[in-house]
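Chains as they are written, first to last, in the numbering used here: chain C, 1 to 645; chain A, 1001 to 1645.
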């Protein structure tokens, strides 16, 4: 008799696999092509392959699990994938930190969009051809047809008007217009279906040569993420990414602003490089989704204030000098051609508002992407939201007390409490991006992303699983947390005690993570006292920012009902490590949400929803920006926050 | 006892000169620096130096004048300047055809503008500087000040917003905005006067570094005329001209359209060449008027439909194929930067509507420039309007029956009658521009512009007075008219009879205008039978167009109350010659008005008056365009119109 097989469904990605009874969930996931973090290789000693069973029967909890999982996790019913065996059809949720990094990157963009209400909509129209008896211009005849459809007084920009004669003649005097408010931004072929009246707002009858698309881009200081969204269905049709080409002219914001200021045409050059890359990404997206550039009728671009200004062509000089103000705080929109972005001829670019010089449009977009405003669209996704990956599963509203932050060289923090929104920016430095760290690197294959110290044993897990070549932000965070847990690091950040991997070097005490013979670079990979101090400064700044906002609102840590962590690093980091080193307050785990690249998600929402743009304006209008540099309590709070625990 | 001296005032140019009693008006004009045409050199035998006394005492009319002047001229009290001697202070009007060509060109742009109501107006504003206590963006703080001035919700384009931080800081947080509707198009320094409240709409208190200017351009197929107009005073501050650089790619419209269609990027190249020249003209105008490019906040561009489309970047393919329709008939406006025209960063270009494929925006502008609509502004110029040079002296309204035309390779004709407007275009060919004429040339120095045949004697007058090098349009017209008057040409256009200058050559009979020994080119200058036929075809087309419009309105030649002739050739031509060859109907002379470059005048009006833009739209909406090619009577009328007299 053969073993029975059962179906394992992995959420939130929706992957399914049939496995023989008794297969453990780690193996089941691997068979389904889903890589989970398993630092110990499935031996049950690292506690990193945590999953959340939703339905079905698994083998009973093991003693290993009781030892490795936290009380919170145990209370929530969580399991270790390597320990839990399948005894029926099961459905299992995977928290973001249990995915390996490449797997996580694949997860983005699978969320459900908000109610469709895009700023650009289609309209089919038939036009009379000219004749010796009707010598009106092409545009005049088109206008007459539009008036008949109740669309008098539409505005046609230069490039769209120039496109009209050829498009009318090529399509036998029937075209599909892309309308943005009172302006026509593109002229497309008509749908193949003969009867225009059957075309609904949804794309079911429309072949893809004429559907309207939008481009959403999150311009990070380091990375670009670009998405092509079908404006008629709300679906993300393609996504891609690239390094920000401006990196060659300055790794961080400050050096890039300096480059723009110190070189003639420096800003223009930075803009040109960026737009060139965006145009390449557009080509990639269009090729992947098999749509033409002429169909991409709108773009939403988000970025921090400096990236925003450099993209738009606004001066950044005043961003680099006290008091560091933006040229433009308001939401902007202008023809894409004005910055050289090649979309449909009349397409516009929209950028949400910047809240301050160092709290940019990407923060606004993150707040929207995290679904903090209005919950209607997401209410249909039931389940335990605390462990759900997608941003939109955050079924809350701003009536709760919420902290939302995006960790980077500058960390932007928002606090919502009692109908008020407080926001600040803190200089957390680039340590979590792997910079200023002896063996630091970006989150790329070979980077150590998880670390466990168990007695004399040090276990590491790398992105891609290969030999370690360096350590990325989430790995550094883990090391510091584990050293604290092992008593090898004191409150002030001093390495001490006895451990085979701890040794005295020229520049002070070091902790060896990977000996030379097991690393992929021929040398050992270590953490220095200096590295620990960088992390100390970073986490101190972030925690101080949170504390100052809480002070402004007159509340305490424990009043926070929802703590949203956005961005790549914020999603990959181990919450327990972040709490252990004191970067985040020690809240019950269900209050934390790691929402991924919510800024990119917000950009996509802004593409398909006028309501989201209205919300963006409202956020900008109502924010209470707190300048930490002049806050009377900042120094005191910061110094306190520097201590580990 | 010395002779008394008297003041001679020359109208419409307003030049004044003191001369001894008894000086004739031709000499007085010369002393005043005003060149009048005097084919015979002041001998009183050519009748070309006709002037119209307005006030004061002149010597009695001579027998020479009675012989040389027409009955109409005599009845009007006209004199020959070479015969009339000054006996008191006098005021004398000079009809346009009595000026030499270079002098005429200098006269343009001296007319009184319409009531000032420009589309762009200035607004001074003071902005709070940023501080650690006020970290709002530059734009947000400016908006707050504007809201306080009752200007909330102004729109800022990309380039204007980018200009803001530097302008605010450079001018100590006080700037002068140029506002166009609800958009800010330029940021200028504030006036020097300390108290902003004293600044009125007029420019008296405003030093010129911050006055608002506009650029008006008439893009002819051959020539460009450009004007810089102070939008706050209405004055024309500078004017200049150049050849249309597209000439190198096709002399006439058809060949230029063909070039655009047949060469990849041909249209783009033609646009680029044109805009490059316009930018040079802008630099010239700004240098002459001592203003900066940043002050030029609006442009009005007029041209025929093909020039319009090539400038804007609209396709011209359908203009070159039946049924020859425009891409856009409506008035257009768009940022100047979109076509590469370098004005103030946010400046717009406005183009009035095209009435049809071959009745362009320049025709609309001509009708406005000729002052056919609304008379209020011009009523203050009394006097006998029939001989007045300036377009604006036409104190009429469309309630009269008016013909208005602009002669070129295509001649556009409008007829206003009984509240209706009829318009057509006729293919008059390039003969009047000197093309397709054996010794033809453009109106340039050395061109024969006036011809008189008296018995065996042939007198010619050249532009600039030098030795003849060719013959231009008004000269050709004169020759044909004089040959008809001398009985040397029959109704069918056949040269015949006995005259020392008439001879049989290889290609038929020729008439020698200038023998080789007196010409400036080493060879003789002649008129051939072929030349006469070219004129015949041209005048036949023009007259047929006029007649068809009259038929459409159901009226006759003699019902025309005002006959407006616009354009360079139309202004320089001798009306008597035009009537004699049958190109124009034989109306009483006072009904004719030669209005100069009224299209350029119209463009300037469109710069400073929203009302004129409204009128332009109205003209386009209400015109009845008559397509001659399909008019049932056209052939019959045309063949009849070919006959001379």
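Even for Gly, the Cβ is constructed at its ideal location relative to N, Cα and C.
Discussion item. For residue 420 of chain C, count the other beta carbons within 10 Å of its own beta carbon; 16 or more makes it buried, fewer makes it exposed. Which is it?
Written reply: exposed
Worksheet item: Can you name the residues of chain A whose CB is closer than 7 Å to the CB of residue 326 of chain C?
Response: 1137
Practice prompt. Report yes if the C-beta distance between residue 348 of chain C and residue 180 of chain C is below 8 Å; otherwise report no.
Written response: yes
Worksheet item: If residue 26 of chain C sits next to residue 46 of chain C, beta carbons under 8 Å apart, how far is it from one beta carbon to the other, in whole angstroms?
Response: With a Cβ gap of about 12 Å, residue 26 of chain C and residue 46 of chain C do not count as contacting.
Fill in: Contact with chain A by residue 6 of chain C, beta-carbon distance below 8 Å
For residue 6 of chain C, no Cβ of chain A is located within less than 8 Å of the residue's own Cβ.
Discussion item. If you follow the alpha helix (DSSP H) that residue 348 of chain C is in, where does it begin and where does it stop?
Written reply: For residue 348 of chain C, there is no enclosing alpha helix (DSSP H); the residue is part of the beta strand (DSSP E) that begins and ends at 348-351.
Worksheet item: Using a C-beta cutoff of 8 Å, does residue 1634 of chain A count as contacting chain C?
Response: no
Discussion item. Can you tell me whether residue 138 of chain C is buried or exposed? The criterion is at least 16 other CB atoms within 10 Å of its CB, across all chains shown.
Written reply: buried
Worksheet entry | Endpoints, the alpha helix (DSSP H) within which residue 533 of chain C is located | 529-553
Discussion item. Going by the DSSP bridge assignment, what does residue 296 of chain C pair with across the sheet?
Written reply: C:213
Fill in: Neighbourhood of residue 444 of chain C by C-beta, 7 Å cutoff - its chain only, sequence neighbours within 5 removed
These residues qualify, in order along the chain: 463.
Discussion item. Does any residue of chain A have a CB that is nearer than 8 Å to the CB of residue 357 of chain C?
Written reply: yes
Practice prompt. Could you please tell me which residues of the stretch 1136-1169 of chain A, in chain order, have their CB closer than 8 Å to any CB of chain C?
Written response: 1136, 1137, 1138, 1139, 1140, 1143, 1156, 1157, 1158, 1159, 1161, 1162, 1164, 1165, 1166 and 1169
Worksheet item: From residue 1167 of chain A to residue 1127 of chain A, what distance separates their C-alpha atoms?
Response: 11 Å
Worksheet item: When the distance is taken between beta carbons, is residue 606 of chain C closer than 8 Å to residue 614 of chain C?
Response: no
Worksheet item: Taking the alpha carbon of residue 1558 of chain A as the point to measure from, which residue in A:1260, A:1546 and A:1081 has its own alpha carbon closest?
Response: A:1546
Discussion item. I'd like to know whether the C-beta atoms of residue 407 of chain C and residue 569 of chain C end up nearer to each other than 8 Å.
Written reply: yes
Practice prompt. Check each residue of the stretch 1299-1322 of chain A: if its Cβ is closer than 8 Å to any Cβ of chain C, include it; give the result in chain order.
Written response: 1312, 1313, 1314, 1315, 1317, 1318 and 1322
Practice prompt. Step through the CB atoms of chain A and report whether any lies within less than 8 Å of the CB of residue 530 of chain C.
Written response: no
Fill in: Cβ-Cβ distance between residue 306 of chain C and residue 253 of chain C below 8 Å
yes
Worksheet item: Taking Cβ positions only, does residue 1352 of chain A come closer than 8 Å to chain C?
Response: no
Fill in: Rounded straight-line distance, which links the Cα of residue 1422 of chain A to that of residue 1622 of chain A
9 Å
Worksheet item: Cβ atoms of residue 1301 of chain A and residue 1270 of chain A: under 8 Å apart, would you say?
Response: no
Discussion item. Along the stretch 1574-1588 of chain A, where does the CB come closer than 9 Å to a CB of chain C? Name the residues.
Written reply: Answer in chain order: no residues at all.
Worksheet item: So, are the CB atoms of residue 600 of chain C and residue 227 of chain C less than 8 Å apart?
Response: It is a contact, given that the beta carbons lie within the stated cut-off.
Practice prompt. Would you list, in chain order, the members of the stretch 617-641 of chain C that have their beta-carbon closer than 8 Å to a beta-carbon of chain D?
Written response: Absent from the structure: chain D. Protein chains present are C and A.
Fill in: Within chain A, the residues that residue 334 of chain C reaches when beta carbons sit closer than 7 Å
1157 and 1158
Fill in: Run of the beta strand (DSSP E) containing residue 511 of chain C, from where it starts to where it stops
508-514
Worksheet item: For the candidate residues C:14, C:437 and C:178, whose alpha-carbon lies nearest to that of residue 189 of chain C?
Response: C:178
Discussion item. Let's see if you can read the secondary structure: which residues bound the beta strand (DSSP E) around residue 1415 of chain A?
Written reply: 1410-1417
Worksheet item: Can you find a CB in chain A that lies within less than 8 Å of the CB of residue 264 of chain C?
Response: no
Worksheet item: With which residues is residue 134 of chain C paired in a DSSP beta bridge?
Response: In DSSP, residue 134 of chain C forms a bridge with C:131.
Item to complete: At 8 Å on the CB atoms, spell out the chain C contacts of residue 1330 of chain A, in chain order.
Response: 137, 139, 140 and 143
Item to complete: Starting from the C-beta of residue 1382 of chain A, find all residues in its chain whose C-beta is less than 7 Å away, skip the five residues before and the five after it, and write them out in chain order.
Response: In this predicted model, residue 1382 of chain A has a pLDDT of only 30, less than 50, meaning its place in the structure is not dependable enough to derive any value.
Discussion item. Judging by CA-CA distance, which residue of A:1056, A:1090, A:1051 and A:1072 is the nearest neighbour of residue 1080 of chain A?
Written reply: Put simply, of A:1056, A:1090, A:1051 and A:1072 the residue whose alpha carbon is nearest the alpha carbon of residue 1080 of chain A is A:1051.
Discussion item. Mapping the DSSP letters down to three states, classify residue 1305 of chain A as helix, strand or coil.
Written reply: Residue 1305 of chain A: helix per DSSP, three-state reduction.
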